[in-house]
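Report on the structure given below.
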Amino acid sequence: MIEHMKQRELLDFLSALECLKTNGRHSVTCGGVTETVAAHSWRLAVMALLVLPEFPDIDGDKVIKMCLIHDFGEAITGDIPSFLKTEENESTEVDAVGALVDTLPEPQRGTLHALFGEMDAMQTKEARLYKALDKMEAVIQHNESDISTWIPLEYELNLTYAVDNAEEFPYLRELRALMIEDTKRKIEKAEEDERNE
Numbered sequence: 267m268i269e270h271m272k273q274r275e276l277l278d279f280l281s282a283l284e285c286l287k288t289n290g291r292h293s294v295t296c297g298g299v300t301e302t303v304a305a306h307s308w309r310l311a312v313m314a315l316l317v318l319p320e321f322p323d324i325d326g327d328k329v330i331k332m333c334l335i336h337d338f339g340e341a342i343t344g345d346i347p348s349f350l351k352t353e354e355n356e357s358t359e360v361d362a363v364g365a366l367v368d369t370l371p372e373p374q375r376g377t378l379h380a381l382f383g384e385m386d387a388m389q390t391k392e393a394r395l396y397k398a399l400d401k402m403e404a405v406i407q408h409n410e411s412d413i414s415t416w417i418p419l420e421y422e423l424n425l426t427y428a429v430d431n432a433e434e435f436p437y438l439r440e441l442r443a444l445m446i447e448d449t450k451r452k453i454e455k456a457e458e459d460e461r462n463e
């Protein structure tokens, strides 16, 4: 049975997500500001929108929805960088998503649970495309940030992160190769600047 979402339910749910506008991620913007979870999700959704014509056999609306909701759990857990995230952190985030989504009426509750289930299973092209784009957006952000904000492991991570995810999709393989070129140029410039000091 379809329940109508009460206006108070909508406001309460949006209020629960509001902290995503301020919850920081590990990335820093080109302006030196800590990137927020919401900013990452927004640009990820825009990135998906722009590349979807390259994937005519994929349900683009579903991919964009996945991009918009994928970090809802971080409204409760905060962001944990991928290189620090444990299975326990993953489990906590899944529980957080479930608790948050369960506050919604149908059909919203069922729709979001189904999307999160599909994303977790990674069995559909839509889920795998969203995941590749998610990781690639993080690399793009690092390429745009000042290299002084990178920690040592990111020099290698920026060259390898999401390469496997992009492999399935020829368009993304080429895009990821361009991103690697950008990373190498950034590292080379930083090394040159250090030699010239």
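Position in the sequence shown counted from 1, then plus 266, gives you this note's numbering. C-beta atoms are modelled at their ideal positions from N, C-alpha and C, and glycine is treated no differently. Nothing here was measured: the structure is a model prediction, and the numbers come from that model.
Does the stretch 403–419 come close enough to the stretch 448–460 that 3 or more CB-CB pairs lie under 8 Å? yes
Which residues share a DSSP beta bridge with T300? Taking the first residue of the sequence shown as 1, we reach residue 300 at position 34. Its beta-bridge partners are V294.
Exposed or buried, R451, counting other C-beta atoms within 10 Å across all chains shown (16 or more means buried)? Indexing the sequence shown from 1 puts residue 451 at position 185. Classification for R451: exposed.
Please state whether DSSP places K391 in a helix, a strand or coil. Counting from one through the sequence shown, the residue named residue 391 turns up at place 125. In the structure shown, K391 sits in a helix (DSSP, three-state: H, G or I).
What is the DSSP secondary structure of P418, reduced to helix, strand or coil? The residue you call residue 418 lines up with position 152 of the sequence shown. It is coil, neither helix nor strand.
Neighbourhood of S357 by C-beta, 7 Å cutoff - its chain only, sequence neighbours within 5 removed: Numbered from 1 along the sequence shown, position 91 holds the residue referred to as residue 357. Cβ-Cβ distances below 7 Å link S357 to nothing in the same chain once the five nearest sequence neighbours on each side are left out.
Let's see if you can read the secondary structure: which residues bound the alpha helix (DSSP H) around D345? Here residue 345 refers to the residue found at position 79 of the sequence shown. Counting along the chain, D345 falls outside any alpha helix (DSSP H), and DSSP gives it neither H nor E.
Less than 6 Å between C-beta atoms, sequence neighbours within five positions excluded: which residues of the same chain meet that for A393? The sequence position of residue 393 within the sequence shown is 127, counting from 1. Closer than 6 Å at the Cβ level, and outside the excluded window around A393, lie E384 and M385.
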